[in-house]
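So the sequence lines, in the order shown, correspond to chains V and W. Counting from 1, position 51 in the first sequence corresponds to residue 51 in the numbering used here; the numbering is continuous, with no gaps. Quick note: to get the numbering used here, add 1000 to the position in the second sequence (first position is 1). C-beta atoms are modelled at their ideal positions from N, C-alpha and C, and glycine is treated no differently. Source: prediction; values computed, not measured. First up is the structure itself, then whatever we jot down about it.
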Amino acid sequence: MSEIWVEKYRPKRVADVVGNKKSVEAFVKWMKQWELGKPPEKKAALLYGPAGVGKTSLVLAYGREHGYDVVEVNASDWRNEARMRWVVGESSLQATLDGSSRKIILVDEVDGIAGKEDAGGIAALRKIIDETRVPLVLVANNPWDPRLAPIRERCLMLEFRRLRKSEVLRRLREIARQEGIRVSDAVLEKIAENSEGDLRSAINDFQAITGGRKVVDEKVLEVLGSRNRVKQIFDALRIIFNAKSIRAARAALEGLEIDLDMVYAWILDNAPAQIPDPSDLADALEALAKADVFLARVNRKQEWRLIKYAVPIMTGGVAVARRHKPAGFVKFSFPSRIRLLQSTGRERELRRNIAQKIASKLHLSTAKALTHMLPYVSFILENDGGMGKGLAEYFELTPAEVNYLAGGKVEKEKVKAAAPARRARRRRRS
Amino acid sequence: MLFAGPPGVGKTATAHAFARDLFGDRYIDDGHFLEINASDERGIQTIREKVKMFARQIPMGGYGFKILFLDESDQLTDDAQHAFRRVMEQFSTTCRFILAANYSNRIIEPIQSRCAVFRFRPLVKADVIKFLKRIADGEELEVDDQALEVIYDFSEGDMRKAINILQASASISKKIDEKTVYRVMGYVSRGEIRKILELALSGKFSEARDEVRRLLYVQGILPSDIISAIYRELFYLDLSEEDKLELLDLLGEIDYRISEGATPEVQLMAFLARIAAKGRR
Chain V
1 MSEIWVEKYR PKRVADVVGN KKSVEAFVKW MKQWELGKPP EKKAALLYGP AGVGKTSLVL
61 AYGREHGYDV VEVNASDWRN EARMRWVVGE SSLQATLDGS SRKIILVDEV DGIAGKEDAG
121 GIAALRKIID ETRVPLVLVA NNPWDPRLAP IRERCLMLEF RRLRKSEVLR RLREIARQEG
181 IRVSDAVLEK IAENSEGDLR SAINDFQAIT GGRKVVDEKV LEVLGSRNRV KQIFDALRII
241 FNAKSIRAAR AALEGLEIDL DMVYAWILDN APAQIPDPSD LADALEALAK ADVFLARVNR
301 KQEWRLIKYA VPIMTGGVAV ARRHKPAGFV KFSFPSRIRL LQSTGREREL RRNIAQKIAS
361 KLHLSTAKAL THMLPYVSFI LENDGGMGKG LAEYFELTPA EVNYLAGGKV EKEKVKAAAP
421 ARRARRRRRS
Chain W
1001 MLFAGPPGVG KTATAHAFAR DLFGDRYIDD GHFLEINASD ERGIQTIREK VKMFARQIPM
1061 GGYGFKILFL DESDQLTDDA QHAFRRVMEQ FSTTCRFILA ANYSNRIIEP IQSRCAVFRF
1121 RPLVKADVIK FLKRIADGEE LEVDDQALEV IYDFSEGDMR KAINILQASA SISKKIDEKT
1181 VYRVMGYVSR GEIRKILELA LSGKFSEARD EVRRLLYVQG ILPSDIISAI YRELFYLDLS
1241 EEDKLELLDL LGEIDYRISE GATPEVQLMA FLARIAAKGR R
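Here it is, written out as structure tokens:
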């Protein structure tokens, strides 16, 4: 393996950049304005999105194709304003009137400039954007940090998303062809799937499993994780529930090829059977609930670093809480939530359709329609009182929908209905 | 403008009424007013495409601007909110924005600071009852005073709910008394929460869990409504006052966590497991 494929197969021309066509086009349009000698209103472009989807590659490909020197600066290297001006300021102010050297300044990992250490880094970058006479391209994974606000305002924002599996696959096939490697589509598909839209990691994986060979057979699939996933998760659960330390519990997730949400669902739904003591179970579920809070922050705020708290809490927290063990071995079972969702799919769809119809008439969201309207509509249809037909027509409900709303376990419900009513009255008097 | 307040107190109605006063009856058809519900279209893509498309068009008919109404705006992701904020600035000359939200704290600071915030509160009894009477007259219903009081109590100042209870009651009979209303509410709330809490108390955690999941995923009951119902039932559980206090504290905690984006199902389970641990004695 003399060459790193990721570098070797970096796109040479813009047309070779995989996916994200809209943002690629917008970028090209933006560069065209520079080329015409009329710098665009936004003198910087901010390319943002997850790793390995072609942000940097696009800039390099454009530079190569149109004869620009791409001056690359890694923002994580900057420590302060002085250094930043030294690196970027210099090149950004060098006019290119004679056209001898055309430049693009590429500032990588812009979201890495933050905090005290890079004092003034953002202010300096802002100033450089205002003053630059050459195209300035910023790259970031998460551009939404409030501290980057002044930068964002000055930038053309271009979003790059995860690539489609088919896009990754096509590129892998192309590389296999050029390398003269015989490999089955099943293997490439597996690699593409594992990459989750990160082409760079897919290419790296592919290079790693070929190991310099020209023929790759399907045995490598084992390495890639066609290993029985259920067996994997059972092994992991056994370690987690029996771990003596948080560290050991956390380690159970290492190398697991199952996404975190899935692992979470398995732990959550197996906890009641594995933890017989109610106090232990309450503590275990509280740990899971706290891990959930961290995962929510990760999702909402894109604070990926917080995952490092969620993982030990959802694994180790459960292990620590399990002070009493069940007598004998209790089997692990498939998460019941997933079973519930599968078995109720049709009913949920029916309800959702009804809710959508109601929502569109009443300026509501479907979620609100489900909660705030459906029970009443259901009650009215069940009792009718001369209103049912008109209501069904107004909401344009199908006979099947009306039947569902009006029918069901009517008798049972009515018996139950008496109890809360009496209670409510008692309460009002007390 | 940001209209913040609980459901059923007139946020959406105010926005529509306002636009109708301003632009006339054809305010929607003539393209002066666009309503988007962020709960159904919560992604950044909506903001990019739909909102921008509307906002960038020049106002017609001699009006200086048009109105974009973003309902349930607290359901937008943070990213979408940031994108929206930019749109607000970009098109401020051609478009005015009205946002409605249940929880203004879920709206990012930069948007809040660009809005005049109007707080909508639960409606007072006199207003709700007056309106219910108006409907009763129009629909030729006989509703006694006690029934009106009870409807108001159940509605908690939510006019939509009050009207729904009235209409559901009317489906049983044209004469509506207290009992009619209880029958409706007995059906609507179904005592399910009570049942769930009692399952948990008697140590049947897994069954309680499955019931909660049915409410959340099959029935589609909003987590906030489940929490409110638990809150109401909590005081009546067969537990010591110390235990109730502890559970109340935990309920408040998970309520807050959910409002901050945590998963309702998981948080409710942690709560039920704690109840199960209390009820063991």
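Using only CA atoms, which one of V:192, V:182, V:146 lies nearest to residue 163 of chain V?
Scanning V:192, V:182, V:146 for the CA closest to the CA of residue 163 of chain V turns up V:192.
Compare the C-alpha of residue 1124 of chain W against each of W:1062, W:1010, W:1215, W:1214 and name the closest.
W:1010
Output needed in chain order: residues of the stretch 1029-1040 of chain W with a Cβ under 9 Å from some Cβ in chain A.
No chain A appears in this structure, whose protein chains are V and W.
At the level of alpha carbons, what is the spacing between residue 38 of chain V and residue 1030 of chain W?
Pairing residue 38 of chain V with residue 1030 of chain W, the inter-Cα distance amounts to about 39 Å.
Residues of chain W with a CB under 7 Å from the CB of residue 358 of chain V: which are they?
Residues of chain W passing the Cβ test: none, with the nearest at roughly 11 Å.
Of the listed residues V:238, V:383, V:122, nearest to residue 149 of chain V (C-alpha basis)
Comparing Cα-Cα distances from residue 149 of chain V to each of V:238, V:383, V:122, the minimum goes to V:122.
Contacting residues, own chain, Cβ-Cβ under 7 Å from residue 324 of chain V (five flanking each side not counted):
276, 277, 280
Check for me: the alpha helix (DSSP H) holding residue 391 of chain V runs from which residue to which?
388-394
Counting only Cβ pairs nearer than 8 Å, list the residues of chain W close to residue 368 of chain V.
1007, 1039, 1072, 1222
Cβ-Cβ separation, residue 297 of chain V to residue 306 of chain V (assumed contact under 8 Å), whole Å
5 Å
Strictly under 7 Å for the Cβ-Cβ distance: is residue 1172 of chain W near chain V by that measure?
yes
Extent of the continuous alpha helix (DSSP H) run through residue 1161 of chain W
1159-1170
Using the C-alpha atoms, what's the distance from residue 268 of chain V back to residue 262 of chain V?
Rounded to the nearest angstrom, the two C-alpha atoms are 10 Å apart.
Range of the contiguous beta strand (DSSP E) that encloses residue 139 of chain V:
136-140
Just to make sure I have the definition right: I need the residues of chain W whose C-beta is within less than 9 Å of the C-beta of residue 344 of chain V. Which are they?
1214, 1217, 1218
What residue from W:1079, W:1086, W:1116, W:1117 has the CA that sits closest to residue 153 of chain V's CA?
W:1086
In the DSSP assignment, what residue or residues form a beta bridge with residue 1035 of chain W?
Per DSSP, W:1069.
With 16 other Cβ atoms within 10 Å as the buried cut-off, status of residue 227 of chain V
Annotation note: pLDDT 36 at residue 227 of chain V (below 50); position unreliable, coordinate value reported separately. Its Cβ having fewer than 16 others within 10 Å, residue 227 of chain V is exposed.
Beta-carbon proximity of residue 1267 of chain W to residue 1275 of chain W, cut-off 7 Å
no
Indicate whether at least one CB of chain W lies closer than 7 Å to the CB of residue 376 of chain V.
Yes, its Cβ sits closer than 7 Å to a Cβ of chain W.
Where residue 1206 of chain W and residue 1245 of chain W are concerned, what is the direct C-alpha to C-alpha distance, given to the nearest angstrom?
Cα to Cα, residue 1206 of chain W sits roughly 24 Å from residue 1245 of chain W.
Inspect the beta-carbon positions of residue 1118 of chain W and residue 1003 of chain W and report whether they are closer than 7 Å.
yes
Buried or exposed: which applies to residue 1013 of chain W, given that a residue is buried once 16 or more other Cβ atoms fall within 10 Å of its Cβ?
exposed
Can you tell me whether residue 1117 of chain W is helix, strand or coil according to DSSP?
The answer is strand: DSSP assigns residue 1117 of chain W an E or B state.
Members of the stretch 1195-1214 of chain W near chain V, C-beta cut-off 9 Å:
The residues in question are 1195, 1203, 1205, 1206, 1209, 1210, 1213, 1214.
Range covered by the alpha helix (DSSP H) that runs through residue 48 of chain V:
That residue, residue 48 of chain V, is in no alpha helix (DSSP H); its beta strand (DSSP E) goes 44-48.
Per DSSP, residue 71 of chain V forms a beta bridge with which residues?
DSSP output for residue 71 of chain V lists V:105 as bridge partner(s).
Is there a C-beta anywhere in chain V that falls below 7 Å from the one on residue 1012 of chain W?
True, the Cβ-Cβ gap to chain V drops below 7 Å.
What's the gap between the Cα of residue 1166 of chain W and the Cα of residue 403 of chain V?
23 Å
With 9 Å as the C-beta to C-beta threshold (strictly closer), list the residues of the stretch 1130-1162 of chain W near chain V in chain order.
1150, 1153, 1154, 1158, 1160, 1161
Using the rule of at least 16 other Cβ atoms within 10 Å of the residue's Cβ for burial, across every protein chain shown, is residue 8 of chain V buried or exposed?
exposed
Could you work out which residues of chain W lie near residue 111 of chain V, taking near to mean beta carbons separated by less than 9 Å?
By Cβ distance, chain W contributes nothing, its closest Cβ being about 14 Å from residue 111 of chain V, past 9 Å.
Buried or exposed: which applies to residue 383 of chain V, given that a residue is buried once 16 or more other Cβ atoms fall within 10 Å of its Cβ?
Residue 383 of chain V comes out buried.
When we look at the beta-carbon of residue 172 of chain V and count the other beta-carbons within 10 Å, is it buried (16 or more) or exposed?
buried
For residue 1105 of chain W, go through chain V and note every residue whose CB falls closer than 7 Å to its CB, in chain order.
The contact set of residue 1105 of chain W on chain V, defined by CB atoms closer than 7 Å, is empty, because the minimum CB distance reaches about 13 Å.
Would you identify the three-state DSSP class for residue 273 of chain V, choosing helix, strand or coil?
helix
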